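Residue numbers (this note's numbering): 463 to 1479. Positions of the beta carbon are idealized from the N, C-alpha and C atoms, including for glycine. Values in this document were obtained by computation on a predicted structure and should not be read as measured data. What follows is a set of notes on a single structure, which appears directly below.
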Ligand SMILES: [Zn+2]
Ligand SMILES: [Zn+2]
């Protein structure tokens, strides 16, 4: 059956079907373009969700924006690759499996590393695909054939390669360092993974006796238990209070250890007593000071933040229990001399909420400076552009103050560090497991691989090039790198975006860029050289000098769009504790994916968080419904007026890329809608080019619903219905024909002579005349048929033109809307082509582009006047509370002859407007000012001739209200025009428009005042 659209719009039924179809048909799979393929390329990397992930509103927004941009490029003829994948998510996944084990009463340590990792893979096989399924439901048009997982064999090998190369260049080193340590997760966590919080605490003052004197030196601390690990007390060199103590020692209370008094900038005379304790193993600043003075680093806690054997009598106590005991003992022995309330800042592990402890540990680091220099250069030179400029500044500030990156994590799940420790002390960093130690020739039995794994951001930072084949010299790298755009959230700007830039600019530039062998490799010759520990020991590597082209080509993406946060309807951040988290899948099930996508797009104004309100989504579901009903109306007309009609120019794949082909602009509304379509098309393309998703969505909405459905379809009904009477006539002809045949058959049966008798009998038996046996001649039928056809050819032509225009415009509008609402548009589009579409999906059709020749501003103005007239009549009716059934007579006064012509030519549009229900339209020759029921506009006055007693008071109230409104608008306009800044900054046409409007207002206000005066007289 042609154009078979179900009666009501049920997104649930159509969306699942299309989502499956797109994937099954591999519509978004992108074969690598061959050499010589000149099509433009658009590449976008999906920020890989964690394999443990579930879709949340942030993803939904992110993916909606990406899909809109991706579909838009694909439809414009770009080779479009949207590359999907998932991240192995070290801590998150390990915690998930640990929890699973705990429910079985087991522990990770009981299983052992190998068995545990097997369990993680098993978990991944079972639960790891959830988020991809959800993405398919959203219609994300990614290339599933290229989907990766960061722990894939190929990607893991690339990770190892990067590590080894950085090590060989002296950019990876191993060192003791103060890290943020989570005693619960038993791993180092990066600064970015620590959440800081201010809480009320205490500041304790402790006095240390100075050896060989009667004096004490007083220090202050918020973590008194760390004094057990003090190895010095620092004073400032300039501080005159302590000059006489330089070079002396103090006796550390409770531990009875002699420690020196040093002079260091760590101590500031303005602060407290001016003296500070130095605990190099438990505080980052003290650590630095300790390096400057070669102080011992005494660790007093273990990995669980329990006191160890170095804590003397306190060994075995938890850190907080130790604090209590230390304070008690200090108090008892007279060393605690002060205790006051103090706001302290604590850091908590982002994953588990445990308070992190600064801890000395041996970790692997990237010496980041040389990488950061390039990452700064490419942004300063605008090779990478941030869509919102303020993010560029945030990025640069961070990058200019960057610290070495601690890349090791004490986890089991992840990319294991490719380093082996030999019993002789040698460390071997290698691509493959070494069989012997190059230094002492011990065999593999004496070699032990480093237990740590790499930070997950290390591997995800490589994705823009490793996912395209690096270190191989692949065609994919050549075609798809640098990627075009990155759309991501602010929360991973440093974690991920910054690291992709640093690593991309390093490994996609010579000498690491595949194919750049000619360049000096500058590799360290002593690949297996011993590295001594310590922060200052990283071997300096001079960044090679790159040409501008090489630098420009090394970037991982050309543009970065940072999207906003999705908050709840009251602008609150969604959080589990508040219980205001919206599950996007639930929203989708309620309103459909299309409506949910549309909501997010329409609310995405740059730099502003989205207050997600379901009532908006409900509204966009109504929008989809409106489109659906309009499509059904169209199909009903196609089937009766022009069965088999398809949009023109679709025989092959070739589609005009500008304007609308085959549209016959006959009437004002035709010319108007064609012009509007092209204007809107232009603005939508412009908006998408600058990621103004909100502007694009709202422009399409206003056009599709407001102009196309509400005005154009209503106006062309006149033409579509013109042939209704012909259908009646045709029905008559058909039934006559039928009877003719029936009677002919009867005659054959009973003979001509008996027919008369039968008819007589029939007439006698029934009261009225029944035509069953009446004879109709061939001549009569032929005459009727001829009349039906010949008399009204112009009506037919008009109807067919209107129908054709409707189909063509509808098809083009679906293409315009498709990137935002891919499901409903593909469904209707396929129906338009009766199941024989020129492409497998609307997603592969051409995106509309404006044709300036089809834009006609004059027509748009004329149409606006006509609309204004119709709306005025509707409003007058509403104000006068005229019953809908009652027809009215309107009088119009116009001064400009061309407007009178316009209205005369289109009087049918006014007369046939259902809501206006006008019986007669006439032109007044004299002013309507003295009369009631009049609406004044700048171009015309219209009066509703309606016999109803005028309620003078109500009329006065209405006019007064109108007058107030007009005066307010006038005042506003004048104020704006008086504002020099506004006049200088606003676009010229906006200012001009405002000037004209203010002029109009003056006239309107005068008219209104006059009316009021007359009412009173
Ligand atoms: Zn933790
Ligand atoms: Zn060895």
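Buried versus exposed call for residue i [16 or more other C-beta atoms within 10 Å across all chains shown]
i: residue 1415; result: exposed
i: residue 972; result: buried
i: residue 1153; result: buried
i: residue 1240; result: exposed
i: residue 524; result: buried
i: residue 893; result: exposed
i: residue 1107; result: buried
i: residue 575; result: exposed
i: residue 477; result: buried
i: residue 1112; result: Note that residue 1112 scores a pLDDT of 47, beneath 50, so its modelled location is shaky; the value from the coordinates is reported in the next line. With 16 or more other Cβ atoms within 10 Å, it is buried.
i: residue 975; result: buried
Alpha-carbon to alpha-carbon, residue j and residue i
i: residue 647; j: residue 874; result: 11 Å
i: residue 1212; j: residue 1127; result: 58 Å
i: residue 826; j: residue 1039; result: 36 Å
i: residue 820; j: residue 935; result: 43 Å
i: residue 669; j: residue 708; result: 17 Å
i: residue 867; j: residue 944; result: 24 Å
i: residue 1481; j: residue 655; result: The structure shown has nothing for residue 1481, since the chain only spans 463 to 1479.
i: residue 1326; j: residue 1332; result: 10 Å
i: residue 990; j: residue 817; result: Any reading at residue 990 is ruled out, since the residue's pLDDT is 35, under 50, leaving its predicted position unreliable.
i: residue 1103; j: residue 1207; result: 32 Å
i: residue 1019; j: residue 533; result: 19 Å
i: residue 1151; j: residue 1141; result: 16 Å
i: residue 699; j: residue 738; result: 13 Å
i: residue 1278; j: residue 1025; result: 23 Å
i: residue 1435; j: residue 1464; result: 11 Å
i: residue 788; j: residue 626; result: 46 Å
i: residue 1310; j: residue 1062; result: 23 Å
i: residue 577; j: residue 474; result: 43 Å
i: residue 1258; j: residue 1179; result: 13 Å
i: residue 573; j: residue 511; result: 28 Å
i: residue 653; j: residue 642; result: 7 Å
i: residue 773; j: residue 598; result: 56 Å
Same chain only: Cβ atoms within 8 Å of residue i, ignoring 5 sequence neighbours per side
i: residue 1029; result: 1035, 1036, 1071, 1072, 1073, 1074
i: residue 1422; result: 1474
i: residue 1092; result: 1170, 1171, 1175, 1272
i: residue 1324; result: 1130, 1134, 1364
i: residue 605; result: 490, 491, 492, 543, 544, 545, 546
Neighbourhood of residue i by C-beta, 6 Å cutoff - its chain only, sequence neighbours within 5 removed
i: residue 920; result: 869
i: residue 509; result: 950
i: residue 1065; result: 1072
Beta-bridge partners of residue i, as assigned by DSSP
i: residue 827; result: 635, 868
i: residue 512; result: 549
i: residue 1063; result: Residue 1063 is not bridged to any residue.
i: residue 1148; result: Residue 1148 pairs with nothing; no bridge assigned.
i: residue 1315; result: Paired residues: none, contrary to the question.
i: residue 642; result: 651, 820
i: residue 709; result: Per DSSP, none; premise fails for residue 709.
i: residue 1398; result: 1403
i: residue 1070; result: Answer is none; residue 1070 lacks a bridge partner.
i: residue 1157; result: Its beta-bridge partners do not exist; DSSP assigns none.
Close-in-space but distant-in-sequence residues of the same chain around residue i (CB under 7 Å, 5 per side omitted)
i: residue 757; result: 693, 694, 740, 742
i: residue 488; result: 607
i: residue 662; result: 803, 805
i: residue 910; result: 882, 883
i: residue 839; result: 1013
i: residue 1302; result: 487, 489
i: residue 828; result: 628, 633, 634, 866, 867, 869
i: residue 1265; result: 1099, 1100, 1103, 1104, 1107, 1182
Review point. In chain order, which alpha helix (DSSP H) runs of at least 4 residues are fully inside the region 1177 to 1217?
Key: 1186 to 1212
**Study point:** Segments assigned beta strand (DSSP E), at least 3 residues, entirely inside the region 573 to 599
**Key:** none
Point to revise | Segments of 4+ residues assigned as alpha helix (DSSP H) that fall wholly inside the region 705 to 762 | key: 746 to 755
Review point. Going along the chain, which unbroken runs of the alpha helix (DSSP H) with 4 or more residues stay wholly within the region 1238 to 1283?
Key: 1240 to 1252, 1255 to 1279
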